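K.L.:
Just passing along the structure, written as structure tokens.
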Amino acid sequence: MKQGLEKKKLKEDLSKKILSNFEKNKFNFTDLDLLIDTNLLTERSGEQFKKFTLTYKDLFGKEISLRPDLTVSTALKYIQEKKNKEEKYCYYGSAYRLDKEGDLKVFDQIGCEIINSNNNKSENILINSILEPLKKINNLQVILGDVGLFKILIDSLELPARWKLRLVKNFSRIEYFEDMLKRLETNYDLDQKAIKLDTKRLEDLEKLDPNSIIGGRTVSEIVKRFNKKIKDPRDDYKGKKNVKIIRDFLNINTSIQKAESLILSFFLKNKLSNLSIKSYLRKINRINKEIGKKYSINFKTNFGRNTDYYSGVVFLAFTKKKSKIIELARGGEYNGLLRTLGYSKDIPAIGGAINLNELINL
5 MKQGLEKKKL KEDLSKKILS NFEKNKFNFT DLDLLIDTNL LTERSGEQFK KFTLTYKDLF
65 GKEISLRPDL TVSTALKYIQ EKKNKEEKYC YYGSAYRLDK EGDLKVFDQI GCEIINSNNN
125 KSENILINSI LEPLKKINNL QVILGDVGLF KILIDSLELP ARWKLRLVKN FSRIEYFEDM
185 LKRLETNYDL DQKAIKLDTK RLEDLEKLDP NSIIGGRTVS EIVKRFNKKI KDPRDDYKGK
245 KNVKIIRDFL NINTSIQKAE SLILSFFLKN KLSNLSIKSY LRKINRINKE IGKKYSINFK
305 TNFGRNTDYY SGVVFLAFTK KKSKIIELAR GGEYNGLLRT LGYSKDIPAI GGAINLNELI
365 NL
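First residue of the sequence shown? That's 5 in my numbering, and the numbers climb one at a time after it.
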């Protein structure tokens, strides 16, 4: 009992200290709703949040969810309060998620978010604010990634537009993504019998009323898709070549100091257009110049894929205890999340949170 009370006191003292640090960096404390209308999550984002959200029905039969993520709660607050300018929030509270086995996990988090900022140093401000309370921890390590780099890579490859769209869309679905690479590599979807069947289906569809509906789409829309699929083949050599480029890119693992030059060299070596990548990497360069000297930061192109809504820079701070990795903080950019939740457009946003439960147990 005493140990529990001591931990509670330690957690309260630590949270006050961290919140004070956030407020010095001009973050404003906000209370976040514990309960969320399930429809706000599922109707707009489908399975993205539903798979790990604990839901139940209230007395009126309405489905309610315990907040699965404090970033999501902050984004909803921004939308519900009809904000349209930069907001810098900080918070302290619990998130409730179901694991793969369906067991409830509770995470006590303290974090901050920057929403709708035009400041190109927002990433630095946010990451610095999250890492500052952890800087005295022995053997603190940071992994940095940027899932936006993958989209630039895919856009630079010689692939049909439909394949580019599918690869980017399913980047976070790791097992399915790997299956897609195998199909691309082995030319699976260019089976001649399948192409012949598609051609026959197209001929049949062209005889129908173009405005009639099949499976939620008009016949004219379906005909357009079939035409594109048939006229947009890829040869086997390019499939294999592009898969190798993708795999090699996702294997990049280096210090943040070397990340920019290594990625530029990769694009040059593979004869890929590097105009977009040069501009995009300025963000990584800014983080390196301001934060790279303070912490041990490793850059991994394959990092950050597990969270569907991350769109750019992602980071994780951790240490090791008896060879076990202890995750202390994580965060990232989520420029499309607010629109998914009901905002009128995509806006820049980045956030991060410290895992207080792990921090007080060190």
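We put the beta carbon where it would ideally sit given N, CA and C, even for glycine.
Here the structure is a predicted model, which is why all the values come from computation and not from measurement.
By how many angstroms is the C-alpha of residue 190 removed from the C-alpha of residue 225?
P.N.:
29 Å
K.L.:
Could you check whether the segment 312-330 touches the segment 130-142, counting it as contact only if at least three pairs of C-beta atoms, one from each stretch, sit closer than 8 Å?
P.N.:
A contact between stretches requires three or more CB pairs, one per stretch, nearer than 8 Å, and the segment 312-330 meets this requirement with the segment 130-142.
K.L.:
For residue 337, which option in 354, 283, 60 has the closest C-alpha, if you only look at C-alpha atoms?
P.N.:
Checked all of 354, 283, 60; the closest Cα to residue 337 is 354.
K.L.:
How long is the line joining the alpha carbons of residue 80 and residue 343, rounded to whole angstroms?
P.N.:
10 Å
K.L.:
Just reading off the alpha helix (DSSP H) that residue 152 is part of, what are its end residues?
P.N.:
152-160
K.L.:
Apart from the five residues on each side of it in sequence, which residues of its chain come closer than 8 Å, Cβ to Cβ, to residue 424?
P.N.:
Residue 424 lies beyond the range of the chain shown here (5 to 366); nothing can be said about it.
K.L.:
For the pair the segment 21-36 and the segment 94-111, tell me if three or more CB-CB distances fall below 8 Å.
P.N.:
yes
K.L.:
Report, in whole angstroms, the separation of the C-beta atoms of residue 39 and residue 58, which I expect to be a contact under 8 Å.
P.N.:
Going by Cβ atoms, the distance from residue 39 to residue 58 rounds to 11 Å, so no, they are not a contact pair.
K.L.:
Going by beta-carbon coordinates alone, are residue 364 and residue 15 separated by less than 7 Å?
P.N.:
yes
K.L.:
By DSSP, does residue 77 sit in helix, in strand, or in coil?
P.N.:
Taken through DSSP and simplified to helix, strand or coil, residue 77 comes out as helix.
K.L.:
Using the rule of at least 16 other Cβ atoms within 10 Å of the residue's Cβ for burial, across every protein chain shown, is residue 113 buried or exposed?
P.N.:
Buried is the call here.
K.L.:
Under the three-state reduction of DSSP, which class applies to residue 180: helix, strand or coil?
P.N.:
helix
K.L.:
Tell me whether residue 106 sits in a helix, a strand or coil according to DSSP, three-state version.
P.N.:
coil
K.L.:
So, using beta-carbon positions, are residue 264 and residue 289 closer together than 7 Å?
P.N.:
yes
K.L.:
Can you name, in chain order, every residue of its own chain whose Cβ lies under 6 Å from the Cβ of residue 347, other than the five neighbours on each side?
P.N.:
83
K.L.:
On the criterion of 16 or more Cβ atoms from any shown chain inside 10 Å, does residue 121 qualify as buried, or is it exposed?
P.N.:
buried
K.L.:
According to DSSP, is residue 240 helix, strand or coil?
P.N.:
Summary for residue 240: the model assigns pLDDT 48, below 50, so the residue's position carries little reliability, and this model does not support an answer.
K.L.:
State the DSSP-derived secondary structure class of residue 271, mapped to helix, strand or coil.
P.N.:
helix
K.L.:
In angstroms, rounded to a whole number, what distance separates the CA positions of residue 194 and residue 187?
P.N.:
With a pLDDT of only 49 at residue 194, under the threshold of 50, the placement of this residue in the model should not be trusted; the figure read from the coordinates follows. In a straight line, the C-alpha of residue 194 is about 9 Å away from that of residue 187.
K.L.:
For residue 180, count the other beta carbons within 10 Å of its own beta carbon; 16 or more makes it buried, fewer makes it exposed. Which is it?
P.N.:
exposed
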